[in-house]
Amino acid sequence: MHRDLSEQHTKGEVLIVEDTPASLKLLSDLLTEAGYYVRQAPNGELALWTAQSRPPELILLDVRMPGIDGFEVCRRLKASPELCQVPVIFLSAQHDTDDKVRGFALGAVDFIAKPFQAEEILARTDAHVRLGRAQQALAAERALLEERVIERTTELAALAASLEKEVEQRRANEEFMRLSSQVFEATQDAIVVTDGDARIVATNPAFTQISGYSAEEVVGQSVALLHAGEPDAKSFELMAQSIAKTGHWSGEILARRKNGDTYPGLLSASVVKDEQGHVINHVAVFMDLTERKAEQHLIDFLSNHDALTGLPNRLLARQRFEQTLAAAKREHRCVAVMCLDLDRFKSINDSYGHDVGDKALQVVSKFLTETVREGDIVTRQGGDEFQIIVPDDAALGATMALAQKILGGLRKELMIDGQQITVTSSIGIAVSLTDGDSFDELVRNGDTALFRAKEIGRDNYAFFTERMDAEIRDKLAIQGQLRGAIARDEFEVHYQPQMCLKTGAMLGAEALLRWDNAVLGKVPPNRFIPLAEEYGLVNSIGEWVLESVCAQIKVWHDQGLGDIKVSVNLAAGQFANDATVPYVESTLRKFGVAPAYLGLEITEGTVMGDPDKAVAALRRLKDIGVSVSLDDFGTGYSSLSYLKRFPIDVLKIDKSFVDDVTTNANDAAIALSVISLAHNLNMRVIAEGVETREQVQFLTERGCDEMQGYFFSRPVSAEAFTALLREHRNLLDM
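Heads up: the sequence shown begins at 2 in this note's numbering, then just goes up one per residue.
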């Protein structure tokens, strides 16, 4: 027997499918007390029978049940034409992302996790019952309105024909004319009658109310006056073609009010012909759809967005991700998915209540939206779970910077309803290049990384790829310590002697930077120099090295330890900086050091990035009087045609060729070629990394000018190098 719910004054009818009696009773009592009419089913078979006997407005469906489980019940419900529109909310004690993905794919509208929270059950039940009713009501109303418009159009077309006939018959039927006039005047839809040339001959009061025009203002005017014009030119053209061909047109069109505003409407237009088939009138019935469009827009928005925060929900997020990934692949980039949740958010709800918790989520949503870059996408999947879709390059610099910015920003206290609330967050990151190629897979892997971030102490972020995570953390640790290294006086310059092979004299030294950090210990240059370039610190570090070296050269010269010359390495970032050459010149003047005692070493990659600019910079250095060495020659990609243009004083044979110069014919040939090439171009040659007597003898016999390496000395501190200079000076005096 059908139960009349309107007489019971219930909020709606809900079917609860739950195999656990205690949970079934809890949910039934809760919803009954809230004003719902509740039906129960302890298993899947009974649930299907109950729903088919009378469709409910909402189904709360347990996932795990004996016999037919919740997924199969949902599949059968959605396959039934009578039940496919009934919204289904899954009930589950599991927190498996795969279950959620499967449930949404079957057509579920939401998930509620066990153990149940009464507020959550009531809030989600109310929301989905209201949304379902609104969608059904709007669909029914639209169908009814369209039917009514067509009926009225047909009636009015017949009425217009009848009116014309009655005029010709000298108003033979006055009662019919009176009735027609009443319909014309009383209808709530705008009616416009034109002559055969589409000039307005009559309108009704509803037309004036909707358009703002009085009948006197439009009679005699072309009906095109009422159309929106260019914004809807295509619809107007299709309408005109259809009326000319078939005598009728019905559809949506944009119209323009007297004040200039455009608005949507549902129009039905027909022609009226005389007995000879000539068009004598056009009759149009127009319904203003402004309010209905606004309602539809709200329903569409709620279908794709989170109701609390207005952020895209999972459905819209997946669409946006696919668009972002397609664009990234075209540009040979990647997409990172950041999974974020708030640490211990449950304690905020418990301490301050769910209203404050909801406001906290809204504040966090606003912060995330304002923090991300243009093109990044922030989504909310429910609870305190957010996802951020970030297009990036393979180095993931933008992703890491955004994660740090979010973590730092959320550490600040939030002021909500007079309460100071402290919020921190944890972030897990998965990347399309390595961790998956679909949104669901990246979210799943991002959740795994999120769990790892919480394991290592919360208020942190982690990458899904463990190796990448370790490398990035190592880089961040170096970056964090590197920024204050100069202020903490952690850098030290070491010096490695450069020996003349003909005379045995110590001609100079290469300055090598060393870093000893209290947290990281001794950090090798090949780890921190590239990061200093990446983080924009290389110029300040390079300036510190240049000043330290010039100051030390001045000390040695003042102590009478010889005209020692020191070579300083220039990083690519320094060499590309237009301020470097003037700074070198000013530093030499500051410490009173002659340019002849300073050498600068650059690599092949540094000069070959922009050869023309490199030539100009090198010539400015030569004009100052500073010598230039080309380091690691032969390991890069220098062109001989450019090499002869470079004003280089010294070529350095890389250690990789020196190591096996006495045992490998290829390395020996390369070393000999470099020596010959340098001498032909009036350059000196220094071999670096010399460690054995055999290497010394081989290179000496082939004409190498200078050497440096462990055979002579390791790089040593300024004090130790001073001792070497004194020892060398004493030997010369003997």
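Using N, Cα and C, we set each Cβ at its ideal position, and we do this for glycine too.
Reference residue i, options the options, closest by Cα
i, options, result
"K656", "N683, I671, A666 and V691", "V691"
"I417", "D394, L362, P648 and E534", "L362"
"I389", "H355, D448 and V424", "D448"
"D668", "L682, Q696, R646 and P648", "Q696"
"Q86", "Q137, L267 and V193", "Q137"
"I554", "G537, A512 and Y584", "A512"
"G606", "V15, R621 and A577", "A577"
"Q53", "R77, I69 and V194", "R77"
"L508", "Y598, R590 and G13", "Y598"
"D564", "G522, R730 and T425", "R730"
"A225", "S215, P612, E728 and V193", "V193"
"A355", "A106, A119, N518 and V280", "The question names Ala, but residue 355 in the sequence shown is His. For the residues A106, A119, N518 and V280, the minimum Cα distance to H355 belongs to A119."
"A552", "I625, L571, V494 and A229", "V494"
"D127", "E14, R445 and L107", "E14"
"L736", "G561, D611 and E548", "The chain is shown from 2 up to 735; residue 736 falls before or after that span and cannot be answered."
"R374", "A402, D385 and N350", "A402"
"E142", "D438, L32 and E292", "E292"
"V280", "G358, D196 and A329", "D196"
"E491", "I542, N305 and L443", "I542"
Exposure label - residue i; buried when at least 16 CB within 10 Å
i, result
"S718", "exposed"
"V18", "buried"
"Y711", "exposed"
"W557", "buried"
"D436", "buried"
"I457", "exposed"
"P716", "buried"
"Q499", "buried"
"L622", "buried"
"H333", "exposed"
"S7", "With a pLDDT of only 42 at S7, under 50, the local geometry of the prediction cannot be trusted, and no value is derived from it."
"Q421", "exposed"
"F387", "buried"
"W516", "buried"
"A80", "exposed"
"S427", "buried"
"K406", "exposed"
"D559", "exposed"
"W250", "buried"
"A724", "exposed"
"T604", "buried"
"L260", "This sequence places Asn at residue 260; Leu is not what is there. Exposed."
"S568", "buried"
Delimiting residues of the beta strand (DSSP E) encompassing residue i
i, result
"L601", "L599 to T604"
"G429", "S426 to V432"
"L415", "E414 to I417"
"N570", "K566 to N570"
"Y711", "Per DSSP, Y711 belongs to no beta strand (DSSP E) and is neither H nor E."
"K330", "Premise fails: K330 lies in the alpha helix (DSSP H), R315 to R331, not in any beta strand (DSSP E)."
"A688", "R685 to E689"
"F387", "E386 to D393"
"L47", "Per DSSP, L47 belongs to no beta strand (DSSP E); it is in the alpha helix (DSSP H), G45 to S54."
For residue j and residue i, believed in contact at Cβ under 8 angstroms, the rounded distance
i, j, result
"S433", "C335", "5 angstroms"
"L397", "A337", "6 angstroms"
"D344", "R459", "5 angstroms"
"G108", "E73", "Not a contact, Cβ separation roughly 13 angstroms."
"I211", "A191", "5 angstroms"
"L408", "Y462", "7 angstroms"
"G252", "L268", "7 angstroms"
"L678", "I649", "Going by Cβ atoms, the distance from L678 to I649 rounds to 11 angstroms, so no, they are not a contact pair."
First through last residue of the alpha helix (DSSP H) which encompasses residue i
i, result
"G358", "H355 to T372"
"C75", "G71 to A80"
"R453", "F440 to E456"
"D632", "Looking at the DSSP string, D632 is not in any alpha helix (DSSP H); the run it does join, the beta strand (DSSP E), is S628 to F634."
"T11", "That residue, T11, is in no alpha helix (DSSP H); it is neither H nor E in DSSP."
"L59", "Counting along the chain, L59 falls outside any alpha helix (DSSP H), though it belongs to the beta strand (DSSP E) covering L59 to D63."
"L226", "Here L226 belongs to no alpha helix (DSSP H), and DSSP marks it neither H nor E."
"E217", "A216 to V219"
"K26", "P22 to E34"
"D613", "P612 to I625"
"D99", "T98 to L107"
"L562", "L562 -> no alpha helix (DSSP H), and no H or E assigned at all."
Proximity test, Cβ basis, 9 angstroms: residue i and chain B
i, result
"G505", "Reference to chain B is not applicable here, since this structure consists of a single protein chain."
At 3 residues or longer, and completely inside the region 485 to 546: list those beta strand (DSSP E) runs for me, N to C. 492 to 501, 507 to 518 and 522 to 524
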